[in-house]
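Residues in the sequence shown are numbered from 1 upward in steps of one, following the UniProt record's numbering.
From the three backbone atoms N, C-alpha and C, an ideal C-beta is built for every residue, glycine too.
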Amino acid sequence: MPVEPHPVTSASRLSRQFTRRTLPAIVALLVVASLLALLSLVKIARELDAQALQQSEFFAAKAIENRREALARSIVDYAFWGDAYRHLVGDIDLDWAYQRQNLGSTLYPDFGYEAVLVIDDAQRTRYAVVEGELAQTDARLWLQGGLTQLLEQAQSASEDDQGAVALLLADGEPAMVAAALISPGGDPSVSLREESALLLFVDRLTPAKLRALGESYALDNLHVPPEPLRGQTRLQLQLANGNPLELAWRAPEPGTLLLRQVLPWMAVAAGVLALLSWAVLRNAIRSTRQMDASYRQLQRSREALQASEVRFRDIAEAASDWLWETDEQLRLSYLSGRFESVTGYPAHNWLGRPLSELLAGSEQSLENWIKAARPGELRCTYRASDQHLRICRLVSRPVSRRAGGACGYRGTVSDITEEVEAHRRIQHLSQHDSLTNLPNRSQLCAFLDERLASRQPLAVLSLDLDRFKPVNDTLGHAAGDLVLREVAQRLCARTRDEDLVARLGGDEFILILCGLTAQEGLERFCARLLEELAEPYYYLEQEIFVAASIGIALAPQDSQDTQELLRFSDIALYQAKADGRATWRFYAAEMNRRLLQRRQLELDLRQALAENQLRLHYQPRYRIEARQLLGAEALVRWQHPTRGLLLPEHFIALAEETGLIQPLGQWVLREACLEARHWPDDLVVSVNVSPVQFSRGNLLQDVRDCLAESGLPAARLELELTERVMLEDADGAWTTLNELKALGLRLTMDDFGTGYSSLSYLRRYPFDGIKIDRSFIDKMTQSSGDRSIIQAIVGLAQALGLSVTAEGVEDDQQLAMLELDHCAEAQGFLLARPQPAEALRELMEGSSSLS
Ligand code: C2E
Ligand code: CA
Ligand code: CA
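Shown next as structure tokens:
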């Protein structure tokens, strides 16, 4: 499910954008606007200033002009006047002019003219009133800067009834001087004269007057600058002689004034604005930062959420989980994408249907479990679209959207079929034998423990294959494995479901029979089982025969303990084997006692070997024909400290089983060879050799050592072997026998007729003779069959060039019959019993009498 953009996040993005971009832009705009305003203000101010300057220049010009015109008008009024002509041209009428105030001191206070001058044709000053006082002033000296030019202009202007006004310097100070030719001014009563005169008004432009003039024209501080000063507004004027004269005033600066007045407020406003912006910006930045932080936080948690979602999805997908959601009635309202690939069903087929229609709880009702809202998981099964039964694990949580009560459920389903299967396999492997797939010891014990705990009667059968080892040795392990598997199958076929068949390893099997404990039934069972196991096994078209022995222990009669029952059944098995194999025995307390005795015997035998309790008896062998002594067979005896002299039947098998046969055999061989040395040169000593000595020991070396030690010629040593030697390791026996033969000794096959009596053995192996088993001799006088067997054996041996000895001859009739049947040699109580060495020696000494 993708994450919807959160409204808060988009709002915060907007506000961040606002703070990041818009707000600074607004501030920048404000600054620009303020600058523009300032600029335009300055421009306006400068324009204002420029305008004011223009205006003031205009006013300045105007002021001078007006003053000039006023002066011009005044001078015309006074100069073009008949009375003035009468009293001033020619001779000056001081009385009229000065005393009667026609052209006297009043001009100064009334008009501000500093001087009134009358100059004649010769430019002599005839009348001068300076600052209201009659004065002897020479205008030519007093007025500089073009008086002559002015007077000329006034001469010429008089033709138009005009005066002339010009700027001159009076005592170095500028002065506006008006000059006009005095004329009758249209007065008919005046008679014209020859001479003429000019009237001059001098209006000195004193600093005070200039300032006053300026003020009336709004020109501040109008003055004549002492020297050209920069930055001051000035008016260029000319003196009458053309020299420049400058007037300056402080230029009006309304713009500057405006700026001066507005700028501080503007600055204050800008400052306030700046402060405000700064505060707003800072606030905005701070809140943006906060927003950023929380946005990043949000982003991070969103990313974390997304990551965890992705992770969750990955896990969910990888774990082959699918997610589900249902309403209150457990009707499916949502199924995740994995559903289809895991179950093979399209999700839409299931939406709206109850979850319990798809899944079934293994141990309890799915519906109850989900509604009980217990923690943990429920194992369920369902049938996938391919109709295979699948196992899964369901996890569920109530979904509560309203307060109180679930309004639905959701959870996951993980397919654990493979996991369960694997677990089952591992468990099976740990509890089963990999070769036969039967339960192994651990499962056997668990099974027994459980059954015994419920006090159920049962039978424990220990089963061991007879002659299994040769199968492995001669045909290889593949054949052995095949036999074991086949045996396992036959065992399973015989037993019922409640029983258990286990393999403990090697060729040992255990059967637990739960329904069958009566002796009779068990005997029938064992008989049939042994029959079936004896049926041939086929390996590469080769027939293999294997038999089995069974030991039986019963619960609760024999024991209620697992280990004890197994031990007892094993003891019974041992007994069965001891009793001739291919049979069964029930455990009896007697067996246990015997077994314990055997243990003791074993310990005793070890001791016997160490303490030299063994003895050798010798039984002579004769040629029947002349009763000639041929040699003697060494037969071992045990002088037991408490039980007396024990015969081999009590300890040879035990020695073979425990490996003690090795040192025992060596001892016999050595003892026999040493004894035979004392015998006459033509007598042979026969030594019985166990098959175990063949297979495990180093018989060849033992024989060599004994011959070397005793000095007995090899030809005087005979080894008696049974067919078991060949049966257990045919090839090994062949090699060893040939090596022994190569030493020069004799080899005899003992107990002939009891085993396979295989003709091929006699042909293949380097035997010198055979001994016919005692059992045939025993019965030969009563049974014609046994006698004919003896006859056949004798015939066969002769054909093969082997000597034949009849064993266990106990009466004359037997001896006579053997003689008739051409059996050359005999041995038996009739002829001589096994006897100690000394007795034999005595016998040998007197043997000449026998022959
Ligand atoms: P075996 O090789 O067949 O030895 C002959 C057995 O027949 C001897 O029994 C002997 O006492 C007995 N016997 C001889 N003549 C007569 C008779 O006329 N009537 C009866 N009823 N029995 C007679 P023994 O000494 O008890 O030996 C039993 C078996 O023990 C031997 O059978 C042999 O297989 C084994 N054995 C004896 N000594 C040794 C030994 O040193 N090494 C090995 N490996 N086996 C031995
Ligand atoms: Ca023998
Ligand atoms: Ca024998």
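Q | Asp561 beta carbon near ligand 2 (any heavy atom closer than 7 Å) | A | Indexing the sequence shown from 1 puts residue 561 at position 561. Flag unset: Cβ of Asp561 not near ligand 2.
Q: Take every Cβ of the region 418-435, pair it with every Cβ of the region 536-549, and state whether three or more of those distances are shorter than 8 Å.
A: no
Q | Residue from Glu720, Ala653, Leu712 and Gly711 whose Cα sits closest to the Cα of Leu686 | A | As a position in the sequence shown, residue 686 is number 686, starting the count at 1. For the record, residue 686 in the displayed sequence is Ser; it is not Leu. Selected option, being the one with the closest Cα: Glu720.
Q: Would you tell me roughly how many angstroms separate the C-alpha atoms of Leu850 and Phe829, rounded to the nearest one?
A: Indexing the sequence shown from 1 puts residue 850 at position 850. Indexing the sequence shown from 1 puts residue 829 at position 829. Only weak support is given to the placement of Leu850: the predicted model assigns it a pLDDT of 45, under 50, and the question is left unresolved by the model.
Q.
Whole angstroms are fine: how far does the CA of Trp369 sit from the CA of Ser308?
A. Here residue 308 refers to the residue found at position 308 when the sequence shown is read from its first residue. Here residue 369 refers to the residue found at position 369 when the sequence shown is read from its first residue. The straight-line gap from Cα to Cα measures roughly 29 Å.
Q.
Given 7 Å as the limit, tell me if Asp750 has its C-beta closer than that to any heavy atom belonging to ligand 2.
A. What you label residue 750 is simply residue 750 of the sequence shown in a count that begins at 1. The answer is yes for Asp750.
(Q) Is it buried or exposed, Asp750, if we count other Cβ atoms within 10 angstroms and call 16 or more buried? (A) Taking the sequence shown and counting its residues from 1, the one referred to as residue 750 is at position 750. So Asp750 counts as buried.
Q: Would you kindly work out how many angstroms separate the C-alpha atoms of Glu4 and Ser356, rounded to a whole number?
A: Along the sequence shown, one-based indexing puts residue 4 at 4. Along the sequence shown, one-based indexing puts residue 356 at 356. Because the pLDDT of Glu4 is 48, which lies under 50, any placement of that residue in the model is unreliable, and the number read from its coordinates should be weighed accordingly. Approximately 33 Å between the Cα atoms of the pair.
Q | Contact under 8 Å by Cβ, Leu513 with Leu461 | A | Numbered from 1 along the sequence shown, position 513 holds the residue referred to as residue 513. Numbered from 1 along the sequence shown, position 461 holds the residue referred to as residue 461. Yes, the Cβ-Cβ distance between Leu513 and Leu461 is below 8 Å.
Q | Near ligand 2: Glu720 beta-carbon under 7 Å from a heavy atom | A | As a working mapping, residue 720 is identified with position 720 in the sequence shown. Yes.
Q. Just checking my contact of Gly808 with Asp786 at CB under 8 Å: how many whole Å lie between their CB atoms?
A. By 1-based counting over the sequence shown, the position of residue 808 is 808. By 1-based counting over the sequence shown, the position of residue 786 is 786. Gly808 to Asp786, Cβ: 12 Å. No contact.
Q: In angstroms with no decimal places, state the Cα-to-Cα distance between Asn698 and Met591.
A: Residue 698 sits at position 698 when you count from the first residue of the sequence shown. Residue 591 sits at position 591 when you count from the first residue of the sequence shown. Approximately 34 Å between the Cα atoms of the pair.
(Q) Measuring CB atoms only, is the region 115-126 touching the region 190-202, in the sense that at least three cross pairs come out at less than 8 Å? (A) yes
Q: Since I believe Leu831 is in contact with Pro620 (beta carbons under 8 Å), could you give me their beta-carbon distance rounded to a whole number of angstroms?
A: The residue given as residue 620 occupies position 620 in the sequence shown. The residue given as residue 831 occupies position 831 in the sequence shown. Indeed, because the Cβ distance is near 7 Å, the residues count as touching under 8 Å.
Q. Taking the DSSP output, what are the residues bridged to Pro834?
A. Against the sequence shown, residue 834 aligns to sequence position 834. Beta-bridge pairing links Pro834 to no other residue.
Q: Please name the residue or residues paired with Arg286 in a DSSP beta bridge.
A: Mapped onto the sequence shown, residue 286 falls at position 286. Partner(s): none; Arg286 has no beta bridge.
Q: List the DSSP bridge partners of Gly271.
A: Within the sequence shown, numbered from 1, the residue matching residue 271 stands at position 271. DSSP, once it has assigned bridges, lists no residue as partnering Gly271.
Q. Hey, would you say the C-beta of Ala634 is under 7 Å away from at least one heavy atom of ligand 1?
A. Here the question's residue 634 lines up with position 634 in the sequence shown. Under cutoff, so the answer is yes.
Q: Have a look at Tyr217, Trp584, Arg390 and Leu222 and flag the residue whose alpha-carbon is nearest the alpha-carbon of Thr206.
A: As a first step, residue 206 must be located in the sequence shown, where it is residue number 206. Checking every option, the nearest Cα to that of Thr206 belongs to Leu222.
(Q) Within a Cβ cutoff of 6 Å, which residues of the same chain sit near Gly255, ignoring the five residues on either side of it in sequence? (A) Taking the first residue of the sequence shown as position 1, residue 255 is located at position 255. Within the same chain, Gly255 has close Cβ partners Ala45, Arg46, Leu48 and Asp49.
Q) Is Leu199 close to chain C, meaning its C-beta is less than 8 Å from at least one C-beta of that chain? A) Checking the listed chains, one finds no chain C in this structure; it contains a single protein chain.
Q. Sorted by chain position, which residues of the same chain lie with C-beta nearer than 7 Å to Ala79's C-beta, five sequence neighbours on each side aside?
A. One-based indexing of the sequence shown puts residue 79 at position 79. Contacts found: Gly163, Ala180, Leu181, Ile182, Ser183 and Leu199.
Q: Within the same chain, show all residues whose beta-carbon is closer than 7 Å to that of Met1, passing over the 5 residues directly before and after it, in chain order.
A: Against the sequence shown, residue 1 aligns to sequence position 1. Because Met1 carries a pLDDT of 45, less than 50, the predicted location of this residue cannot be relied on, and the following value inherits that uncertainty. Excluding residues within five positions, none has a Cβ falling inside 7 Å.
Q.
Judging by CA-CA distance, which residue of Asp466, Asp682 and Val177 is the nearest neighbour of Gly580?
A. Within the sequence shown, numbered from 1, the residue matching residue 580 stands at position 580. Considering only alpha carbons, the answer is Asp466.
Q. Would the C-beta of Glu807 count as close to ligand 5, meaning under 7 Å from any of its heavy atoms?
A. Ligands in the displayed structure: ligand 1, ligand 2 and ligand 3; ligand 5 is not one of them.
Q. Quick one: is the Cβ of Phe568 within less than 7 Å of any heavy atom of ligand 1?
A. The sequence position of residue 568 within the sequence shown is 568, counting from 1. Every heavy atom of ligand 1 is 7 Å or more from the Cβ of Phe568, so no.
(Q) Just to confirm the assignment, what range does the beta strand (DSSP E) spanning Phe752 have? (A) Locating residue 752 in the sequence shown gives position 752, where the first residue counts as 1. Here the beta strand (DSSP E) through Phe752 covers Arg746 to Phe752.
**Q.** 6 Å Cβ shell around Val692 - same chain, five flanking residues per side excluded
**A.** As a position in the sequence shown, residue 692 is number 692, starting the count at 1. Cβ within range, chain order: Glu656 and Ile661.
Q: Could you please give me the residues that DSSP links to Trp584 through a beta bridge?
A: Within the sequence shown, numbered from 1, the residue matching residue 584 stands at position 584. Beta-bridge pairing links Trp584 to Ile550.
Q | Candidates Glu195, Glu649 and Arg637, of which the one nearest Ala578 by Cα | A | Position 578 of the sequence shown, counted from the first residue, corresponds to residue 578. The residue with the shortest Cα to Cα distance from Ala578 is Glu649.
Q | C-beta contact flag for Arg393 and Ile416 at 8 Å | A | Taking the first residue of the sequence shown as position 1, residue 393 is located at position 393. Taking the first residue of the sequence shown as position 1, residue 416 is located at position 416. Taking 8 Å as the Cβ cut-off, Arg393 and Ile416 qualify as a contacting pair.
(Q) I'd like the list of long-range same chain contacts for Trp322, defined as Cβ closer than 6 Å, with 5 residues on each side in sequence excluded. (A) Residue 322 sits at position 322 when you count from the first residue of the sequence shown. Within the same chain, Trp322 has close Cβ partners Ser336, Arg338, Phe339, Val342 and Val413.
(Q) Closer than 7 Å to a non-hydrogen atom of ligand 1 - does that hold for the CB of Leu830? (A) Here residue 830 corresponds to residue number 830 of the sequence shown, with the count starting at 1. True, at least one ligand heavy atom lies under 7 Å from that Cβ.
Q. Is Gly753 near ligand 1, judged by its Cβ being under 7 Å from some heavy atom?
A. Translated into the one-based positions of the sequence shown, residue 753 becomes position 753. Because no heavy atom of ligand 1 lies under 7 Å away, the Cβ of Gly753 does not count as near it: no.
Q) What do you get for Asn688, buried or exposed, if any count of 16 or more other CB atoms within 10 angstroms of its CB means buried? A) As a working mapping, residue 688 is identified with position 688 in the sequence shown. So Asn688 ends up on the buried side.
Q: Drop a sphere of 10 angstroms on the beta-carbon of His428, count the other beta-carbons inside from all chains shown, and report buried for 16 or more, exposed for fewer.
A: Along the sequence shown, one-based indexing puts residue 428 at 428. The residue in question, His428, is exposed, as its Cβ has fewer than 16 Cβ neighbours within 10 Å.
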